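Here's the structure, in structure tokens; my notes come after.
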Amino acid sequence: DKKVAELTTDNARLKSDAEAVNAGVEAGAGVRDEAQQGKEPTGTEADNTRMREELGATEEVLAEVSAASDRERKAAADATRIAAMEAELMRRDLTKRLNAATEALRHGEEAAAAAELATRQIEMEAANAQAAAMAAAATVATATAAATEEHERRGAQVAAMQTMLDAAETRTALASTAAATVATQHQEELDAKILEMQRQRQRAVDDAEARTAAATEASMVAATTATRHEEELEAKLIKMQSALDAADTRVAAMVTAAAETTAAGTAAAGLGPGGLA
19 DKKVAELTTD NARLKSDAEA VNAGVEAGAG VRDEAQQGKE PTGTEADNTR
69 MREELGATEE VLAEVSAASD RERKAAADAT RIAAMEAELM RRDLTKRLNA
119 ATEALRHGEE AAAAAELATR QIEMEAANAQ AAAMAAAATV ATATAAATEE
169 HERRGAQVAA MQTMLDAAET RTALASTAAA TVATQHQEEL DAKILEMQRQ
219 RQRAVDDAEA RTAAATEASM VAATTATRHE EELEAKLIKM QSALDAADTR
269 VAAMVTAAAE TTAAGTAAAG LGPGGLA
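The following block contains the structure:
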């Protein structure tokens, strides 16, 4: 948004400069017309036409820059919406599973349901951590100018995710011990459940690391794209400034020529130094 605001300001300034140049061209042409008694000098209209074409090309370049900025903002908004939808679907699915496990615990399958409930809680925590990573990755697209800072913050989020997973692993161990104490006859089933929980936890950790790596790569790509885009903008602005400088030079030359023509006409009419003699 900051870059767009700067480009909008530059656009307004360039348009103002262009209007001033155009006014100067018309004023210079008027002076020359008066100096030559209404006869427009050869080449003035061609110069005006060429300058208007250059100014039109400048406005087209600025329009392309504005359109590119709009496309980047729309892509970032789309990525954010998709990440939010995926997180909501995952949350709903895990909530449904958690409710089912709670219902099973209510109907007397205390040991198995307790282990299942602990598993779903771990999955829910891992899903929340994954959703946070996905949201961070989507935010990268809207903060290309601060890609390095975003990368450092994402590293802190990964560390927080690891802390959450460690805490979940501790709770899993406690739940397994309690389940073994309450129902020894279901030891084999509980062992299988615990093994499955560990596998699910590892899958959640692997998935979170993969998403974090993808987010980091997206951040680097975004930073590279932003740098290239800024270089292209600087090149275009330099080209536009050169065109405006050339226009200023032509206007100055025309005004000087008009002044010289006026002086020559005055001298020819006998109004110059020594004319009355």
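Our numbering applies: residue 19 is where the sequence shown begins, and numbers increase by one.
Cβ coordinates follow ideal geometry from the N, Cα and C atoms, glycine included.
Note that the structure is a prediction, hence the values are computed from the model and not measured.
Rounded Cβ spacing between glutamate 141 and alanine 222 (contact assumed at less than 8 Å) = On the sequence shown, position 123 is the one that residue 141 refers to. On the sequence shown, position 204 is the one that residue 222 refers to. Yes, they are in contact, since the Cβ atoms of glutamate 141 and alanine 222 sit about 7 Å apart, within 8 Å.
Which residue's Cα is closest to the Cα of threonine 188: Gln139, Asp96 and Ala233?
-> The residue given as residue 188 occupies position 170 in the sequence shown. For threonine 188, the nearest C-alpha among the options comes from Gln139.
Pull up the distance between the alpha-carbon of aspartate 96 and that of alanine 265, whole angstroms please.
-> Within the sequence shown, residue 96 is the residue found at index 78, counting from 1. Within the sequence shown, residue 265 is the residue found at index 247, counting from 1. Aspartate 96 and alanine 265: Cα-Cα distance of roughly 43 Å.
Rounded to whole angstroms, how far is the Cβ of threonine 137 from the Cβ of glutamine 218, which I believe are closer than 8 Å?
-> Counting from 1 along the sequence shown, the entry for residue 137 is found at position 119. Counting from 1 along the sequence shown, the entry for residue 218 is found at position 200. The pair is a contact, with the Cβ atoms about 6 Å apart (cut-off 8 Å).
Could you give the distance in angstroms between the alpha-carbon of leucine 251 and the alpha-carbon of aspartate 111?
-> Indexing the sequence shown from 1 puts residue 251 at position 233. Indexing the sequence shown from 1 puts residue 111 at position 93. One C-alpha to the other measures close to 46 Å.
Whose CA, out of His247, Gln259, Glu278 and Arg268, lies closest to the CA of arginine 89?
-> In the sequence shown, counting from the first residue as 1, residue 89 sits at position 71. Of the candidates His247, Gln259, Glu278 and Arg268, the one whose C-alpha sits nearest the C-alpha of arginine 89 is His247.
Going by the C-beta, is glutamate 235 closer than 8 Å to any heavy atom of the ligand ADP?
-> As far as ligands go, the structure on display features none, and thus does not contain the ligand ADP.
Reference alanine 105; option with closest CA among Ala226, Met258, Asn117 and Asn146 = Position 87 of the sequence shown, counting from 1, holds the residue named residue 105. Of the candidates Ala226, Met258, Asn117 and Asn146, the one whose C-alpha sits nearest the C-alpha of alanine 105 is Asn146.
Whose C-beta lies closer than 8 Å to the C-beta of serine 260 among residues of the same chain, with five residues either side of it excluded?
-> Taking the sequence shown and counting its residues from 1, the one referred to as residue 260 is at position 242. Within the same chain, serine 260 has no close Cβ partners at all.
Should leucine 192 go down as buried or exposed, given a rule of 16 or more other Cβ atoms within 10 Å for buried?
-> Position 174 of the sequence shown, counting from 1, holds the residue named residue 192. With fewer than 16 Cβ atoms within 10 Å of its Cβ, leucine 192 is classed as exposed.
Note down the Cα distance separating alanine 210 from lysine 92, rounded to an integer number of angstroms.
-> Against the sequence shown, residue 210 aligns to sequence position 192. Against the sequence shown, residue 92 aligns to sequence position 74. If I take the Cα positions, the gap works out to 48 Å.
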